[in-house]
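Worksheet for the structure shown next.
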Amino acid sequence: MSNGPLQIKAISGHAGPVPGLDTSRDYSVAKLIDVTTCIGCKACEVACLEWNGYPFRETIFDNTYQTMPDTAWNYYNLIRFNEHVDEAGNLSWLMRKDGCMHCADPGCLRACPSDGAIVQYANGIVDFNQEHCIGCQYCVTGCPFNIPKFNSETKKVHKCTLCSDRVGAGLEPACIKACPTGCLHFGTKDDMKELGEKRAAQLREHTSHTHAGVYDPPGVSGTHVMYVLHDIDHPERYGGLPKNPTIPLLVRIWKGPLKWIGNVAMVGGVLGVAVHYLRFGPKRAEDHK
Amino acid sequence: MASRFGTPMDKYGTPADGFTIVCTTYRLTEHYHYWTKNNPMNVQLVPEPFVEIPVQLAAELGIKGGDKVKVTSARASYHAKAMVTHRIKPMTIDGKRVYQIGIPIHYGYRGIQEDAGRTARSLTNSLTPTVVDPNAHTPEFKGFLVKLEKA
């Protein structure tokens with residue numbers, strides 16, 4: 019995926035056209051999480067910790083299989099376990115791998131005031147550069163999925179990088195590599211979307227999950243981490259996955275119109291001072307004797 | 038067909054003695070037998086031993102999730118925390134309501150949590166009966182009768 023510039027354009031002494039000259043590559047990447055085949059083994063959690071070099075921690079039993087209540091600055095990836103009993107009394111044990119969704123329209127990036135602290139790569143990965151992070155936590159406010167987590171010691175915010183370091187070298191993310199059931203898939207966004215839709219159609223046709231679907235919410239212009247859900251109408255059953263996630267209105271107003279009004283006011287203020295100076299001249303301290 | 042040993046420890050509980058709850062034992066995806074209780078990454082994922090109890094039985098006994106419970110079989114007793122769940126449903130057998138509980142086997146005498154004094158040192162297989170397959174001597178640890186109480 020990183021060898022785009024090395025695509026051959028011309029070949030010396032070669033009869034005929036250059037092979038593969040017309041091919042185009044799709045650089046956008048996506049992770050597809052098929053929650054219907056997740057067994058909740060948490061291998062992805064361990065793989066994430068090991069690849070990112072974070073330490074293991076003490077956890078306490080909390081009446082659930084879930085490792086801990088929420089993700090943390092050094093724990094990007096958490097399987098959420100939920101027991102759902104429907105009206106007919108049927109139980110489903112829902113497991114969802116929670117982590118950054120890598121939105122096409124990232125609320126964290128929109129809200130961030132620091133130059134270069136959050137970047138969105140051409141392949142869709144949204145990444146935090148901690149060396150530019152000023153610790154204001156506006157990204158936490160901007161995220162509709164409650165993903166960025168603050169490290170109060172270093173005053174930096176961290177989240178899943180979609181293993182941008184691995185993906186940049188042509189490898190799949192660590193969690194994908196560790197998954198034993200193949201419920202985690204990685205590829206181009208189009209391929210993953212197609213694979214997800216195929217799996218959802220299979221579920222609708224051959225199982226009782228007649229509302230199965232792919233979670234790729236339009237409110238954030240789609241995500242580069244998608245889910246296949248048993249019931250696309252009720253994503254909230256999977257431990258608080260929002261049905262229609264959007265960037266908070268406050269962030270949109272503040273980073274949209276309010277920003278321009280602020281800029282106009284600031285320029286207006288400077289202009290006003292300049293005009294005042296030209297019209298009335300400098301203000302001098304009165305001479306008190 | 039099963040073969041049994043004849044030592045004084047080879048006792049079997051009956052409903053008449055108050056052993057009215059069916060117990061089963063199993064493994065978790067996060068652990069491997071008794072080894073991984075010494076490995077921080079596995080211990081982080083599932084830190085403590087627990088007993089899975091149906092919500093209906095927990096309501097009858099006044100047990101809440103996270104409470105310490107004691108499971109007693111004819112042979113020994115086991116201490117762990119309660120995990121109250123919908124996943125194990127009550128059964129109706131011969132017109133009577135029968136409850137089942139489940140215990141993952143992975144904890145026991147020594148390990149990271151046991152050595153730190155955070156969990157009891159009791160072993161799941163001190164509860165289980167010594168019934169084995171007569172040919173291969175594969176133990177039958179999947180079904181036996183116990184009592185359950187708050188500890």
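Those sequence lines, one after another, are chains A and B. Quick note: the first sequence uses the working numbering, first residue 19, plus one each step. Quick note: the second sequence uses the working numbering, first residue 38, plus one each step. Glycine included, every Cβ here is placed at the ideal spot set by N, Cα and C.
Would you call residue i buried or exposed, if buried means 16 or more other Cβ atoms sit within 10 Å of its Cβ?
i	result
D234/A	buried
L180/A	buried
P253/A	buried
Y69/B	exposed
V53/A	buried
V285/A	exposed
G231/A	buried
P166/A	buried
S170/A	exposed
D88/A	exposed
I265/A	buried
L112/A	buried
S110/B	buried
T228/A	exposed
P300/A	exposed
At the 8 Å Cβ level, is residue i part of the contact set with chain A, yes or no?
i	result
E97/B	no
P77/B	yes
T175/B	no
H123/B	yes
L82/B	yes
E151/B	no
M120/B	yes
E186/B	no
G102/B	yes
T66/B	yes
F42/B	no
F87/B	yes
On a CA-only basis, which of the options is nearest residue i? Give me that one, please.
i	options	result
P73/A	Y94/A, F168/A, A292/A	Y94/A
G240/A	K207/A, A196/A, V293/A, N147/A	K207/A
D170/B	K179/B, S163/B, G102/B	K179/B
E177/B	A53/B, G55/B, C60/B, D54/B	C60/B
V135/B	I58/B, A39/B, D54/B, K48/B	I58/B
Y139/A	H227/A, G34/A, A48/A	A48/A
S159/B	G102/B, V108/B, R64/B	V108/B
E190/A	T199/A, G205/A, H120/A	G205/A
D249/A	K277/A, C59/A, F168/A, D104/A	D104/A
S114/B	G145/B, P52/B, P91/B, G103/B	G145/B
R98/A	R114/A, G107/A, N108/A	R114/A
V51/B	E85/B, P166/B, L98/B	First, the residue type needs correcting, since residue 51/B is Thr and not Val in the sequence shown. Looking at the Cα atoms, P166/B is the closest of the given residues.
D133/A	P236/A, E149/A, G186/A	E149/A
S40/B	L185/B, K184/B, H174/B, G99/B	H174/B
W69/A	L24/A, H306/A, K195/A	K195/A
I138/B	R147/B, K126/B, G132/B	K126/B
T199/A	V291/A, C178/A, I57/A, V288/A	I57/A
Determine, for residue i, whether the minimum Cβ-Cβ distance to residues of chain B falls below 8 Å.
i	result
V282/A	no
N100/A	no
D80/A	yes
F74/A	yes
W278/A	no
V53/A	no
C154/A	no
G3/A	Any answer about residue 3/A is impossible in this case: the structure gives chain A only from 19 up to 307.
C59/A	yes
A196/A	no
W272/A	no
E105/A	no
W111/A	yes
M19/A	Residue placement at M19/A cannot be trusted, given a pLDDT of 41 that sits under 50; what the coordinates show is reported in the next sentence. No, M19/A lies away from the interface with chain B (no Cβ there is under 8 Å from its Cβ).
T77/A	yes
T85/A	yes
V288/A	no
W91/A	no
E63/A	yes
Could you give the C-beta distance for residue i and residue j, rounded to a whole number, given that I count them as a contact under 8 Å?
i	j	result
I130/B	T161/B	About 24 Å; that fails the 8 Å criterion.
K118/B	F79/A	5 Å
H161/A	V144/A	The displayed chain sequence assigns Cys, not His, to residue 161/A. Rounded, the Cβ-Cβ distance is 10 Å, inconsistent with contact.
V246/A	L67/A	Incorrect: roughly 25 Å between the Cβ atoms, too far for contact.
N75/B	I142/B	Wrong, their Cβ atoms sit about 15 Å apart, outside the cutoff.
T159/A	V238/A	With 8 Å as the limit, T159/A and V238/A do not qualify as a contact, their Cβ atoms being about 15 Å apart.
C157/A	V175/A	6 Å
H120/A	H203/A	Not really, about 14 Å apart at Cβ, beyond 8 Å.
List in chain order: all unbroken beta strand (DSSP E) runs of 3+ residues lying wholly within the region 228-276 of chain A. 231-233, 243-247
Entirely enclosed beta strand (DSSP E) segments - the region 147-196 of chain A, minimum 3 residues: 167-169, 174-176
Runs of beta strand (DSSP E) wholly within the region 62-106 of chain A (minimum 3 residues, chain order): 96-103
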